[in-house]
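Engineer: Quick mapping for you: the protein sequence lines, in order, are chains A and B. Read in order, the letters of the first sequence correspond to residues 1 to 80 in the numbering used here. Read in order, the letters of the second sequence correspond to residues 1 to 363 in the numbering used here. Positions of the beta carbon are idealized from the N, C-alpha and C atoms, including for glycine. What follows is a structure written as structure tokens; I'll ask about it next.
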Amino acid sequence: MTNLEKYNSAFITTFEITEEQLAGLKYQDIEAWDSVGHMGLIAALEDAFDIMMDTDDIIDFNSYEKGKEILSKEEYGVKF
Amino acid sequence: MTFEGILNIPPYSLDRTKKETLLTQRLTELTRLHRANCPEYDAMLKSIGFDESKISNYSEIPFLPVRLFKELELRSVPKEEVVKTMTSSGTTGQAVSKIYLDRVTSSNQQKVLVKIVSSFTGSGRMPMLIIDCPSVIKNRAMFSARGAGILGFSIFGSDRQYALNDDMQLDIETVEKFLEKHSGERILLFGFTFMIWQHFYRELVRLRDETGKTFDLSNGILIHGGGWKKLVSEAVSQEQFKKCLTDVCGLHDVHDYYGMVEQTGSIYMQCECGHLHASIFSDVIIRDPYDFRVLQQGEKGIIQVVSTIPESYPGHSLLTEDEGILLGEDDCPCGRLGKYFTVTGRLQNAEIRGCSDTYAAKF
Ligand SMILES: [Zn+2]
Numbered sequence: 001m002t003n004l005e006k007y008n009s010a011f012i013t014t015f016e017i018t019e020e021q022l023a024g025l026k027y028q029d030i031e032a033w034d035s036v037g038h039m040g041l042i043a044a045l046e047d048a049f050d051i052m053m054d055t056d057d058i059i060d061f062n063s064y065e066k067g068k069e070i071l072s073k074e075e076y077g078v079k080f
Numbered sequence: 001m002t003f004e005g006i007l008n009i010p011p012y013s014l015d016r017t018k019k020e021t022l023l024t025q026r027l028t029e030l031t032r033l034h035r036a037n038c039p040e041y042d043a044m045l046k047s048i049g050f051d052e053s054k055i056s057n058y059s060e061i062p063f064l065p066v067r068l069f070k071e072l073e074l075r076s077v078p079k080e081e082v083v084k085t086m087t088s089s090g091t092t093g094q095a096v097s098k099i100y101l102d103r104v105t106s107s108n109q110q111k112v113l114v115k116i117v118s119s120f121t122g123s124g125r126m127p128m129l130i131i132d133c134p135s136v137i138k139n140r141a142m143f144s145a146r147g148a149g150i151l152g153f154s155i156f157g158s159d160r161q162y163a164l165n166d167d168m169q170l171d172i173e174t175v176e177k178f179l180e181k182h183s184g185e186r187i188l189l190f191g192f193t194f195m196i197w198q199h200f201y202r203e204l205v206r207l208r209d210e211t212g213k214t215f216d217l218s219n220g221i222l223i224h225g226g227g228w229k230k231l232v233s234e235a236v237s238q239e240q241f242k243k244c245l246t247d248v249c250g251l252h253d254v255h256d257y258y259g260m261v262e263q264t265g266s267i268y269m270q271c272e273c274g275h276l277h278a279s280i281f282s283d284v285i286i287r288d289p290y291d292f293r294v295l296q297q298g299e300k301g302i303i304q305v306v307s308t309i310p311e312s313y314p315g316h317s318l319l320t321e322d323e324g325i326l327l328g329e330d331d332c333p334c335g336r337l338g339k340y341f342t343v344t345g346r347l348q349n350a351e352i353r354g355c356s357d358t359y360a361a362k363f
């Protein structure tokens, strides 16, 4: 699996949504991505990429696109 | 100053004068915001002829009794913008407070909680053992005080595990596995005071006495909240609570916190000296329960809480039903600036309403 596939798959399985829904998706746009869902998504991503995110990054992670930006940071080193 | 600006200030770094300036400015802005957006709030302030442009100190801003949120739907944002509704605990027959959060307020609550708690725990996340049952956050549309607390603190947990099953029994196997997996690591434990006592501490004692099994939590840091009411009636003091936990599982880094669902995020953490501390994000004012004048250090009175966070509901200045004593300001031996205080109990005849107290009422 490519990193993008892993990234997408974390969203798709955590929120039970389709790939078409991902672009532009924001925190609290859908019922599943509420504060409980958010912690589930973070756990799924941390598992998928074997990383541990900072609390500030967990808070800033507020959209599908923003998440990619955060994971691309040097400390996580995920390349899309 | 924007709220982002306030977030950049270390939580216990402002002395009395600087904090007063910050709070007076921010809380006056919030008063204006809520008057413009919450007609019921504006009507209340009009009825007492309040004019926020005339105040010189935040203690002059009117306070709403917390129980008003049970009687009225108080919102300062349109219904469509509410993303989360939090409820205070209520037993059957008791009215429930409803607190409406929009994106901004909900996110600021989490940010403030992170600033406050990580100044005690460090910014790294830790394996986290939640002393509660998983079903407490199942109803995602309506968060109880317990659910909200667990969820807010979950951000500090890297690997999260519930210690109790849905029958409120200690899940011994799970806890054992968890401790084995993270042996040698610093572990965060979180829960409500009464749950910890009733379903964790007592079970650990029973296991030790009946089977000789013990758990080593000497690497743990425990953060607990939700009130002492039930434990006070069982004659368990704070000191005993800590000592008992140390005795049974080696846990010695224990911090109580004071907070309420009506002002989630800006909690009051207990320092190493056993004092509850107000951060720059909020404050306590102790008032005389009869004439509401501001009391001096050392005098017992009713606790008013102010918070810089609430934008989606007019809850920035509230009168609680708790009694407390201001112990000092800017001079706690732990080095943190700001007021420090103690909560002595619930106001006589106040409706039982602590976070986990409703659960406690069943015992
Ligand atoms: Zn202190």
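Given that A/M52 touches chain B, what residues does it touch there, using C-beta distances under 7 Å?
Structural biologist: Sequence index remark: in the first sequence, residue 52 of chain A carries index 52 (1-based). In chain order: R125, S158.
Engineer: With a Cβ-Cβ cutoff of 9 Å, do B/K19 and B/G259 count as a contact?
Structural biologist: Numbered from its first residue, the second sequence carries residue 19 of chain B at position 19. Numbered from its first residue, the second sequence carries residue 259 of chain B at position 259. No. Outside cutoff.
Engineer: Between the C-alpha atoms of B/H34 and B/F215, what's the straight-line distance to the nearest angstrom?
Structural biologist: Looking up residue 34 of chain B in the second sequence gives position 34. Looking up residue 215 of chain B in the second sequence gives position 215. Their backbone Cα atoms lie some 50 Å apart in a straight line.
Engineer: Which bits of chain B does A/K36 rub up against, with CB to CB less than 7 Å?
Structural biologist: Within the first sequence, the letter at position 36 stands for residue 36 of chain A. The identity of residue 36 of chain A in the sequence shown is Val, whereas the question assumes Lys. Those are I137, R140, L151, listed as they occur along chain B.
Engineer: What's the gap between the Cα of B/F363 and the Cα of B/G226?
Structural biologist: Locating residue 363 of chain B in the second sequence gives position 363, counting from the first residue. Locating residue 226 of chain B in the second sequence gives position 226, counting from the first residue. Confidence at B/F363 is low in this model, with a pLDDT of 41, below 50, so the placement of that residue should be treated as unreliable; the coordinate-derived value is given next. Their backbone Cα atoms lie some 16 Å apart in a straight line.
Engineer: According to a CB-to-CB cut-off of less than 8 Å, which residues of the region 1-23 of chain A neighbour chain B?
Structural biologist: So nothing in the stretch comes that close.
Engineer: Say the cut is 8 Å; is the CB of B/R16 nearer than that to a heavy atom of ligand 1?
Structural biologist: Taking the second sequence and counting its residues from 1, one reaches residue 16 of chain B at position 16. For ligand 1, not one heavy atom lies less than 8 Å from the Cβ of B/R16.
Engineer: With distances taken between CB atoms, is the gap from B/Q238 to B/G191 smaller than 9 Å?
Structural biologist: Within the second sequence, residue 238 of chain B is the residue found at index 238, counting from 1. Within the second sequence, residue 191 of chain B is the residue found at index 191, counting from 1. Against a cut-off of 9 Å, the Cβ pair of B/G191 and B/Q238 comes out as no contact.
Engineer: Is B/E272 near ligand 1 - that is, is its Cβ less than 8 Å away from at least one heavy atom of it?
Structural biologist: Here residue 272 of chain B refers to the residue found at position 272 when the second sequence is read from its first residue. Checking every heavy atom of ligand 1 against the Cβ of B/E272, one is found closer than 8 Å.
Engineer: Measure the C-alpha to C-alpha separation of B/T174 and B/K181 and round it to an integer number of angstroms.
Structural biologist: Counting from one through the second sequence, the residue named residue 174 of chain B turns up at place 174. Counting from one through the second sequence, the residue named residue 181 of chain B turns up at place 181. Those two C-alpha atoms are separated by around 11 Å.
Engineer: List the DSSP bridge partners of B/M260.
Structural biologist: Position 260 of the second sequence holds residue 260 of chain B. In the DSSP output, where bridge partners are listed per residue, B/M260 has none listed.
Engineer: Measuring only from the beta carbon, is B/P333 closer than 8 Å to any heavy atom that is part of ligand 1?
Structural biologist: In the second sequence, counting from the first residue as 1, residue 333 of chain B sits at position 333. Correct: B/P333 has its Cβ closer than 8 Å to ligand 1.
Engineer: Is B/H255 close to ligand 1? I mean its beta-carbon at under 8 Å from any heavy atom of the ligand.
Structural biologist: Taking the first residue of the second sequence as 1, we reach residue 255 of chain B at position 255. False, no ligand heavy atom lies under 8 Å from that Cβ.
Engineer: Given that a residue counts as buried once 16 or more other Cβ atoms are within 10 Å of its Cβ, and exposed if not, what is B/Q169?
Structural biologist: For the purposes of this step, residue 169 of chain B is identified with residue 169 of the second sequence, where counting begins at 1. B/Q169 should be labelled exposed.
Engineer: Could you tell me the alpha carbon to alpha carbon distance between B/C133 and A/E19, rounded to whole angstroms?
Structural biologist: Translated into the one-based positions of the second sequence, residue 133 of chain B becomes position 133. Translated into the one-based positions of the first sequence, residue 19 of chain A becomes position 19. About 33 Å.
Engineer: Any chance the CB of B/Y100 is under 8 Å from a heavy atom of ligand 1?
Structural biologist: Here residue 100 of chain B refers to the residue found at position 100 of the second sequence. It does not: the Cβ of B/Y100 is nowhere closer than 8 Å to a heavy atom of ligand 1.
Engineer: Starting from the Cα of B/A163, find the closest Cα among B/G157, B/D171, B/F156 and give me that residue.
Structural biologist: On the second sequence, residue 163 of chain B is found 163 positions in, with the first residue counted as 1. Checking every option, the nearest Cα to that of B/A163 belongs to B/D171.
Engineer: For A/Y27, would you say it is in contact with chain B, using Cβ-to-Cβ distances shorter than 9 Å as the test?
Structural biologist: Here residue 27 of chain A corresponds to residue number 27 of the first sequence, with the count starting at 1. So yes, A/Y27 belongs to the interface.
Engineer: Any heavy atom of ligand 1 closer than 8 Å to the Cβ of B/Y340?
Structural biologist: Locating residue 340 of chain B in the second sequence gives position 340, where the first residue counts as 1. Indeed, a heavy atom of ligand 1 lies less than 8 Å from the Cβ.
Engineer: Contact defined as beta carbons within less than 8 Å: I believe B/F341 pairs with B/V305. What is the distance between those atoms, to the nearest angstrom?
Structural biologist: If you number the second sequence from 1, residue 341 of chain B lands on position 341. If you number the second sequence from 1, residue 305 of chain B lands on position 305. With a Cβ gap of about 11 Å, B/F341 and B/V305 do not count as contacting.
Engineer: Any C-beta of chain D within less than 9 Å: which residues of the region 43-71 of chain A qualify?
Structural biologist: No chain D appears in this structure, whose protein chains are A and B.
Engineer: Verify the contact flag: B/R336, CB atom, against every heavy atom of ligand 1, threshold strictly below 8 Å.
Structural biologist: Here residue 336 of chain B corresponds to residue number 336 of the second sequence, with the count starting at 1. Yes, the beta carbon of B/R336 sits closer than 8 Å to at least one heavy atom of ligand 1.
Engineer: Can you check whether the CB of B/L231 is closer than 9 Å to the CB of B/T264?
Structural biologist: Residue 264 of chain B sits at position 264 when you count from the first residue of the second sequence. Residue 231 of chain B sits at position 231 when you count from the first residue of the second sequence. Contact: no.
Engineer: Check whether the region 104-118 of chain B and the region 317-324 of chain B touch, using three or more Cβ-Cβ pairs below 8 Å as the test.
Structural biologist: The region 104-118 of chain B, when compared against the region 317-324 of chain B, does not touch it at the 8 Å Cβ threshold.
Engineer: Could you tell me whether the Cβ of A/E74 comes closer than 9 Å to any Cβ of chain B?
Structural biologist: Position 74 of the first sequence holds residue 74 of chain A. With 9 Å as the cut-off, A/E74 does not count as an interface residue toward chain B.
Engineer: Out of curiosity, what's the CA-to-CA distance linking B/L326 and B/Q296?
Structural biologist: Translated into the one-based positions of the second sequence, residue 326 of chain B becomes position 326. Translated into the one-based positions of the second sequence, residue 296 of chain B becomes position 296. So the alpha carbons of these two residues sit roughly 7 Å apart.
Engineer: In three-state terms, what does DSSP make of B/Y359?
Structural biologist: Locating residue 359 of chain B in the second sequence gives position 359, where the first residue counts as 1. Since pLDDT at B/Y359 reaches only 48, below the 50 mark, its modelled position is unreliable, and no value is offered.
Engineer: Using a Cβ-Cβ cut-off of less than 8 Å, give me the residues of the region 59-88 of chain B that come near chain A, in sequence order.
Structural biologist: Per Cβ criterion, the list reads V83, K84.
Engineer: Residues of chain A with CB under 7 Å from B/R103, in chain order?
Structural biologist: One-based indexing of the second sequence puts residue 103 of chain B at position 103. Simply Q28.
Engineer: Return yes when the C-beta of B/H277 is under 8 Å from any heavy atom of ligand 1, and no when it is not.
Structural biologist: Numbered from 1 along the second sequence, position 277 holds the residue referred to as residue 277 of chain B. Yes, Cβ of B/H277 sits closer than 8 Å to a heavy atom of ligand 1.
Engineer: Strictly below 8 Å CB to CB, what residues from chain A border B/S154?
Structural biologist: Working through the second sequence from its first residue, we reach residue 154 of chain B at position 154. Correct list: M39.
Engineer: Near A/N62, what residues of its chain come up, given a Cβ to Cβ distance below 6 Å and the 5 sequence neighbours on each side ignored?
Structural biologist: Numbered from 1 along the first sequence, position 62 holds the residue referred to as residue 62 of chain A. Excluding residues within five positions, the ones whose Cβ falls inside 6 Å are Y27.
Engineer: When the cut-off is 9 Å and only beta carbons count, does B/K111 lie next to chain A?
Structural biologist: Sequence index remark: in the second sequence, residue 111 of chain B carries index 111 (1-based). Answer yes: the Cβ-Cβ gap between B/K111 and chain A drops below 9 Å somewhere.
Engineer: Alpha carbons only, please: which of B/T87, B/M195, B/K70, B/V236 is nearest the one belonging to B/R140?
Structural biologist: The count along the second sequence starts at 1 and reaches residue 140 of chain B at position 140. Comparing Cα-Cα distances from B/R140 to each of B/T87, B/M195, B/K70, B/V236, the minimum goes to B/T87.
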